[in-house]
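Following our numbering, the numbering of the sequence shown begins with 29 at its first residue and continues without gaps. We put the CB at the ideal spot given by N, CA and C, even for glycine. What follows is a single structure, written as structure tokens, with notes after it.
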Amino acid sequence: MTEEVPAHYGGDPVREAVLGYGGQSITEREKEAVLEALEGDYITRGPTVDEFEERVADLVGVEHAIATTSGTTALHLAGEAVSFGPGDEVITTPLTFAATAYTATYCDAKPVFADVNRDTRTLDPDSVRNKITDDTAAIIPMHYGGHPADIEEFLSIADEHDLTVLWDACHAIGGTWRSEPIGAQRDLAVFSFHPVKTITTGEGGMIVTDNDAIAEKARRLRSFDMNRNPEGHEDEPWYQVVEGEGYNYNVTDFQAALGLAQLERIEEFSERRKELVTRYDEALADFDGIRIPPEPEDADPTCHLYAVEIGEEFGCDRGEFVRAMHDENISVQVHYVPLHYHPYFQKEFGYERGDFPVAEQCYNRLVSLPLFPAMSNTDQEDVIEAIDRIHGYHSE
């Protein structure tokens with residue numbers, strides 16, 4: 029145990045430069061790929077986007093991949109593509125980013141929160157069963173931090189009640205469940221390509237599915253719900269009409285070029301994240317008051333987050349721990365403020381603090397430590413040293 033005084037209590041920080049909790053890894057290959065795309069014939073959506081979609085579909089092992097401008101717009105299109113609408117209830121987790129629940133609200137459906145599993149922090153199947161009504165249309169499990177939700181149980185619930193399963197896999201590309209890529213499970217899944225995720229396109233998202241009808245509707249809605257070849261106008265190539273209220277969620281070819289170059293490195297990224305997770309597990313396992321992430325069952329995740337829990341035995345609460353880490357120039361984050369704490373979901377749907385005690389118990393302790401492939405072993409050692417200093421200060 030170190031005797032250094034933490035910066036928060038008057039000492040010097042463990043490092044001078046701030047270490048972020050996540051970030052992208054961009055090499056000359058990515059830069060060259062983007063430049064090649066910019067020098068091509070297409071700037072907006074073109075053949076490079078098509079190739080990127082094909083590569084992601086091959087990676088996941090599905091028939092269709094539909095690129096969008098973000099994970100949020102992918103979730104929106106996914107909800108539209110499976111026909112969520114007024115009167116529908118969509119069950120999901122409160123321990124997630126707002127976009128997961130927006131999948132319902134964007135379509136005028138109602139988000140119904142169910143509590144989470146204490147160990148995995150993912151949606152709890154028993155809680156979901158208790159929330160099912162005649163109006164339930166779908167379940168949206170979220171693979172928290174890259175760790176898969178209880179896939180087998182949710183597929184069973186969906187079969188039993190004839191429900192759609194839309195997997196929020198924004199944290200989880202590159203992982204597997206029972207040797208099957210995460211995202212391959214029915215009915216559809218969504219990925220995010222934000223810079224803190226495993227691969228990035230700057231901003232971007234993707235819907236993946238084996239369902240032809242879902243894929244076709246998502247593609248149409250992505251680009252204005254435009255019919256470019258309406259029947260009866262074969263001799264009028266300019267005659268294109270919209271058949272509904274669509275959107276402009278088109279990805280650019282230069283974003284797709286970046287995505288293709290990142291896909292070439294996804295195994296590298298995945299392995300590096302696993303190395304960092306193993307190093308954290310070994311270094312933090314014996315700290316009093318720190319609960320490390322659970323060991324996944326039947327899965328080999330590519331972890332987006334390394335979220336620990338700070339308990340009373342550590343010597344300070346989560347808030348003080350976060351402030352102390354920031355003073356050491358280590359950026360940590362909390363994932364997430366539960367959705368039923370947010371004014372929007374309280375005002376619109378009547379949720380209150382106390383509604384989901386397990387999610388709240390997790391939230392009160394959660395802290396995400398830096399985890400991204402570009403961080404060095406020295407960076408990680410600084411994180412561990414900072415934790416050791418804070419822990420040692422409170423153990424005296």
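The C-alpha of Gly274 is placed about 8 Å away from the C-alpha of Met254. Judged by DSSP in its simplified three-state form, Asp345 adopts coil rather than helix or strand. Selection Gly173, Gly174, Glu188 evaluated against Glu180 yields Glu188 as nearest (Cα-Cα).
Distance from the CA of Thr228 to the CA of Ala284, rounded to the nearest whole angstrom, comes to 10 Å. Scanning Val395, Val411, Pro324, Arg247 for the CA closest to the CA of Ile94 turns up Arg247. Just measuring C-alpha positions, the residue of Gly378, Lys59, Asp215, Pro209 sitting nearest Ser111 is Asp215. Nearest neighbour of Thr124 by Cα position, chosen from Pro139, Gly115, Val33, Pro114, turns out to be Pro139. Of the candidates Pro366, Pro209, Gln361, Gly230, Gln361 places its Cα closest to the Cα of Pro398. Comparing C-alpha distances from Val77 to each of Met234, Glu31, Ala129, Ser155 shows the shortest one belongs to Met234.
Secondary structure of Glu409 (DSSP, three-state): helix. Note on the segment 134–192: whole alpha helix (DSSP H) runs with a minimum of 4 residues are 153–159, 179–189, in chain order. Sequence-distant Cβ neighbours of Glu296 in its own chain, meaning closer than 8 Å and more than five residues away, are Pro401. Under the Cβ criterion (8 Å, minimum of three pairs), the segment 317–336 counts as touching the segment 193–201. Take Ala311, set aside five residues on each side of it, and the residues of its chain with a beta-carbon closer than 7 Å to its own are Ile412, in chain order. Going by DSSP, Ala241 is part of the alpha helix (DSSP H) stretching over 240–250. Residue pairing for Gly233: DSSP places it in a beta bridge opposite Thr96, Ser220.
In this structure, the straight-line span from the alpha carbon of Glu108 to that of Gly230 is close to 24 Å. Listed in chain order, the non-local C-beta contacts of Val269 below 6 Å within the same chain comprise Asn255, Pro258, local neighbours out to five positions each way being set aside.
Cβ-Cβ distances below 6 Å link Gln52 to Pro223, Thr228 in the same chain, with the five nearest sequence neighbours on each side left out; the list follows chain order.
Annotated three-state conformation of Tyr37 is helix, per DSSP.
Within the same chain, and ignoring the five residues on either side of Cys390 in sequence, the residues whose Cβ sits closer than 8 Å to its Cβ are Leu123, Val144, Arg146, Arg149, Glu337. For Glu337, the beta-bridge partners assigned by DSSP are Arg319, Leu394. Take Ser220, set aside five residues on each side of it, and the residues of its chain with a beta-carbon closer than 6 Å to its own are Gly99, Cys198, Gly233, in chain order. Around the beta-carbon of Ala35, 16 or more other beta-carbon atoms lie within 10 Å, marking it buried.
For Arg83, the CB contacts under 6 Å within the same chain, skipping 5 residues up- and downstream, are Leu291 in chain order. Closest option to Gly287, judged by alpha-carbon separation, among Thr131, Ile160, Thr96, Val305: Thr96. Shown here, Leu123 sits in coil according to DSSP, grouped into three states, outside any helix or strand. With respect to the C-alpha of Phe282, the residue from Glu31, Val33, Lys59 having the closest C-alpha is Lys59.
The shortest CA-to-CA distance from Ala106 to any of Leu63, Val90, Glu244 is the one to Glu244. Going by C-alpha positions, Arg393 is about 10 Å away from Gly317. Note: Pro209 is bridge-paired with Thr204 in the DSSP secondary-structure output. Between Val42 and Glu356, the C-beta gap is smaller than 8 Å, which places the two residues in contact. For Lys59, the enclosing alpha helix (DSSP H) begins and ends at 56–66. Contact annotation: Asp162 and Ala137 have beta-carbon atoms that are not nearer than 8 Å. Counting only the Cα atoms, Leu87 lies some 8 Å from Pro209.
In terms of Cβ geometry, Met353 and Ala313 do not form a close pair [threshold 8 Å].
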